[in-house]
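The listed protein sequences correspond, in order, to chains F and L.
Residue numbering for the first sequence follows the working numbering, beginning at 7 and increasing consecutively.
Residue numbering for the second sequence follows the working numbering, beginning at 7 and increasing consecutively.
Think of the CB as a built atom: it goes at the ideal place given N, C-alpha and C, for glycine as much as any other residue.
Just so we're clear, the structure is a prediction, and the values are computed from it rather than from any experiment.
There are 2 protein chains.
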Amino acid sequence: MASEITSREKDYAQWYNDLILKGGLADYSAVRGCMVIKPYGFSLWENIRDVLDRMFKETGHQNAYFPLFVPKSLFEAEEKNAEGFAKECAVVTHYRLKTDPNKKGALMVDPEARLEEELVVRPTSEAIIWNTYKGWIQSYRDLPILVNQWANVVRWEMRTRLFLRTAEFLWQEGHTAHATQEEAVEETRKMLDVYAEFAEQYMALPVIKGVKSESERFAGALDTYCIEALMQDGKALQAGTSHFLGQNFAKAFDVKFLNKENKQEYVWATSWGVSTRLIGALVMAHSDDDGLVLPPRIAPLQVVIIPIYKGEEQKSVISEKVAEIVKSLKAKKISVKYDDSDHARPGWKFNEYEMKGVPVRIAIGARDMENNVVELARRDTKQKQSVSMDGLPEYIEQLLEEIQDNIFQRAKNYQQEHITEVNTWDEFVQLLETKGGFLSAHWDGTAETEALIKEKTKATIRCIPLDRKNEPGQCILTGKPSEGRVLFAQAY
Amino acid sequence: MASEITSREKDYAQWYNDLILKGGLADYSAVRGCMVIKPYGFSLWENIRDVLDRMFKETGHQNAYFPLFVPKSLFEAEEKNAEGFAKECAVVTHYRLKTDPNKKGALMVDPEARLEEELVVRPTSEAIIWNTYKGWIQSYRDLPILVNQWANVVRWEMRTRLFLRTAEFLWQEGHTAHATQEEAVEETRKMLDVYAEFAEQYMALPVIKGVKSESERFAGALDTYCIEALMQDGKALQAGTSHFLGQNFAKAFDVKFLNKENKQEYVWATSWGVSTRLIGALVMAHSDDDGLVLPPRIAPLQVVIIPIYKGEEQKSVISEKVAEIVKSLKAKKISVKYDDSDHARPGWKFNEYEMKGVPVRIAIGARDMENNVVELARRDTKQKQSVSMDGLPEYIEQLLEEIQDNIFQRAKNYQQEHITEVNTWDEFVQLLETKGGFLSAHWDGTAETEALIKEKTKATIRCIPLDRKNEPGQCILTGKPSEGRVLFAQAY
């Protein structure tokens, strides 16, 4: 089983696809660029969603639901946003099919059922939401509106990859409305912090918080903040974004409020989102050539128990003991599965659960029973040890935390080893080819230079880190003055 | 505030709309037939979803996610299903917009970006799912597949009503695959029981379990089981359906498995779903002319506390006491809000939370503080009483259960009073006009008679009750022989 996975060294992209497909996370579908999220993958998404949802609610947000479709006239109202997404819009033009007279059993679009106005399948929901907020906001008393939506969106991408870039994907999009610029900026930053905390504490994914250059900004935003993660191939991946939208959407949809001084003002906006892309990040950051490595705090299954037996009698003695263990683990809210199926041998099961990235594997055989021990294997380090059954739940509880920390620390070390200060163009080009990772370099602040660097090296500015030093220098390409270093990388 | 609601007697349909809009559950949107689910309404849906999701998981199901789009060629594969939904399909034909050369700032569908094959926005997912299952099922070991999906679907209805019938709605759709007919039928019935239990235990909504006549069956099913509820205007509402699909989809998508005898067989299927329509049922079954009445077990907010004070000093003394009460209620997992806002007077707040259907309202004034009591009002009966602060959490915990029971019992009484055995056509017609409700009557079993009755009276066969007596008789319209009574009603 394990041998079926292409190694990272041999073909990183194929390794990734192997993990997604063979790990049971997702499957290709009959629809171009769309995937099926399989139960194991969806369970991972449910865990991600549940933690984030709790964090959103703890920071005062409520969920709501807005229509899937955006009438074209609303879609085009905020010009930059419309321009940014126009090229990747799925468009509904008809509302009925009819029997195809020329082909038995077939249907055709009914030309008489053409919509008066075309409907765009939402690529993002600012337009439909701000058109709605117009009806909800009259005075400062109606503000802030702190709303989030869990939804599917569609962006017709030409090149798609499972989880990382699919035509349809699942995400959450927060859309907030505020009385002041200050409050909106604060919200934007707060949600960036929520994302960073989630990525590091739950996904064990170290991230760099920063702000995007103008070219990389969300279409329609005044500022796009982001968290950037690093994958094992040295490429960066944008894991979440939080946008300060200024009054752009309020102006496009004429959303004003009466302030405390009884004057009409435009409302200030933010939006922020993370998507099923996070699962791609998770897979690429931690996994190895034997399969997925999942952080215990969001793993669908934390512990698997496999019996090793000869004959039904041994099996039943083991199963009885395991029932106790399962109960004691569940009492500690540890998710556990006892795989006593007869379809496969233990060795096959070992490989299977390694592939699926289950953090802890327990094997119990007849001799273990005699010695009152189990064999315990960690997925992250692949270390095995014999552990007493006494105090096992406490031991495992502790071990899961240790695994969580270890996975994070490993990724953190990798990240830190892959942030390199670069001061010459030659070094820049060479490091991109050899080492990869983030290159911290000076840039003259112009979109032209940024575009030229991208053209020459495929590297983009991932972000201007929020904690960057105030360090004047000279642009890596043009030699012109720079206010401080920014992070370049090739990216997903 | 309360006076703004149209009374049921005056205009039932308007009363319903008033409750939805003014109760803050939903709002109209800019998209024809689509609504915005507002935070309070969405919170209700979250509670419904969370309980059902737990029940699905307890019965062995897992969630997954399948594409929003169904390629036309897949959509038409199961002929009856395709025929049933063809007339209400939103169809994506293009994947790009471009600048409109004739209209500044406007976009137009790019005629060069026409899809080779049109994509139907899923009205239901059997086609895309069974096309996927084909790749997942080889042998009996791969069965059963017990999968559920929470998703949005689109059915282009001509006449829409908030929650009851919207072009886009949220639902869950279970899609299971089985090795035997027996097992599939068992699954179909099991999920019907889950729905009935949920409706009665959580939504306080008494339902009748039954099976649909052939004309009312889900397109592509061999049998459609349903739960039918009764609204306060005497109309019935189908609250959930569970379909035995036989091998129809397996045959349409060529999904076979190798059985234990090493022979190829087609797979057996079920599907089952409930939707945001349930919220419409909830509203219409329990509410009154002052607003919503929500069953405590799924109410977004169970208790609201309103201070009655003069001056900041009184308020702060009350608030201190309330903080204790809030804490003690939360410890019992009772959701509670302290509304101490200065924007509105207590009377306005009373009306507002009555409108929103919050089961228990607590008012505390200075004199209450002195007497160590609170004023407690039940939403369902509108009874008020003075209750000691000692043991208040226990009292409220108990009261919430009492309210839940009372709401259910009230609806159950109404339902039982509105199931009438009818033996003549005149009586049938007259009762439909005067009393409404379910009419239990004999029917000759033909689709023609069923259609004729519908044409004459707008009444349809809601179901053949699962517990119906074996009682031969004569059809209410034609006088032809009948095997037993069925339930007729006008319906939503």
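When C-alpha distances from tryptophan 177 of chain L are compared across L:Arg167, L:Glu163 and L:Val159, the shortest belongs to L:Val159. Contact check between the stretch 84 to 101 of chain L and the stretch 88 to 105 of chain F: three or more CB pairs, one atom from each, fall below 8 Å, which counts as touching. Taking one beta carbon from each stretch, the stretch 220 to 240 of chain L and the stretch 45 to 63 of chain L have fewer than 3 pairs nearer than 8 Å; the two do not touch.
In the DSSP annotation of this structure, the continuous segment of the alpha helix (DSSP H) that includes tyrosine 22 of chain F starts and ends at 18 to 28.
Under the Cβ criterion of 8 Å, threonine 387 of chain L is not counted among the residues facing chain F. Fewer than three beta-carbon pairs drawn from the stretch 42 to 50 of chain L and the stretch 311 to 321 of chain F are found closer than 8 Å, and the two stretches are therefore not classed as touching.
In the DSSP secondary-structure assignment, isoleucine 233 of chain L is bridged to L:Lys215 and L:Gly246.
Around the beta carbon of lysine 355 of chain F, 16 or more other beta carbons sit within 10 angstroms, so the residue counts as buried. DSSP, reduced to helix, strand and coil, places glycine 286 of chain L within a helical segment of the structure shown. Of the candidates F:Gln244, F:Lys262 and F:Glu330, the residue whose Cα lies closest to the Cα of lysine 140 of chain F is F:Lys262. When the alpha-carbon of alanine 383 of chain L is set against those of L:Leu406, L:Leu284, L:Met375 and L:Lys460, the nearest one is in L:Leu406. The closest CA to that of alanine 372 of chain F, considering only F:Phe169, F:Glu89 and F:Pro313, is found on F:Pro313. Judged by beta-carbon spacing, tryptophan 278 of chain F lies within the 8 Å limit of serine 248 of chain F, meaning their Cβ atoms are closer than that value. With 16 or more other Cβ atoms inside 10 Å of its own Cβ, proline 77 of chain L counts as buried. The C-alpha of glutamate 85 of chain F is placed about 14 Å away from the C-alpha of methionine 114 of chain L.
Nearest CB-CB separation between threonine 463 of chain F and chain L: not below the 8 Å threshold.
Among the residues facing chain F, threonine 99 of chain L is included, as its CB has a counterpart in that chain under 8 Å away.
For cysteine 232 of chain L, no CB of chain F lies under 8 Å from its own CB, so it is not counted at the interface with that chain. For glutamine 144 of chain L, the nearest beta carbon of chain F is not closer than 8 Å to its own beta carbon.
A contact between stretches requires three or more CB pairs, one per stretch, nearer than 8 Å, and the stretch 189 to 202 of chain F fails this requirement with the stretch 117 to 131 of chain F. Contact check between the stretch 423 to 439 of chain L and the stretch 393 to 413 of chain L: fewer than three CB pairs, one atom from each, fall below 8 Å, which does not count as touching. Using a Cβ distance threshold of 8 Å, methionine 361 of chain L and valine 380 of chain L do not count as a contacting pair.
Residue pairing by DSSP places methionine 114 of chain L opposite L:Lys104 in a beta bridge. One finds Leu113 in chain L with Cβ atoms closer than 7 Å to the Cβ of alanine 88 of chain F, taken in chain order. In the three-state reduction of the DSSP assignment, histidine 67 of chain F falls in the coil class, being assigned neither a helical nor a strand state. Tyrosine 359 of chain F does not reach chain L, its nearest Cβ partner there being about 17 Å away, counting only Cβ pairs nearer than 8 Å. Isoleucine 312 of chain F: member of the beta strand (DSSP E) spanning 309 to 314, first to last residue.
For tryptophan 21 of chain F, the closest Cβ of chain L is not nearer than 8 Å. For isoleucine 43 of chain F, a Cβ of chain L is located within less than 8 Å of the residue's own Cβ.
Interface with chain F (8 Å Cβ-Cβ cutoff): glycine 180 of chain L is excluded. Beta-carbon to beta-carbon, valine 217 of chain F and threonine 230 of chain F are separated by about 7 Å, close enough to satisfy the 8 Å threshold. Identification of residues in the stretch 21 to 39 of chain F having a C-beta nearer than 8 Å to some C-beta of chain L yields Asp33, Ser35, Ala36 and Val37, given in sequence order. Serine 49 of chain F is not a Cβ neighbour of threonine 138 of chain L, given a cutoff of 8 Å. For tryptophan 177 of chain F, no chain L residue has a Cβ inside 7 Å of its Cβ, as the nearest lies near 12 Å away. Two segments are said to touch when three or more pairs of C-beta atoms, one from each, lie closer than 8 Å; by this definition the stretch 428 to 446 of chain F does not touch the stretch 161 to 181 of chain F. For the stretch 146 to 162 of chain F, the set of residues with a beta-carbon nearer than 8 Å to any beta-carbon of chain L comprises Arg147, Val153, Ala157, Asn158, Val160 and Trp162, in chain order.
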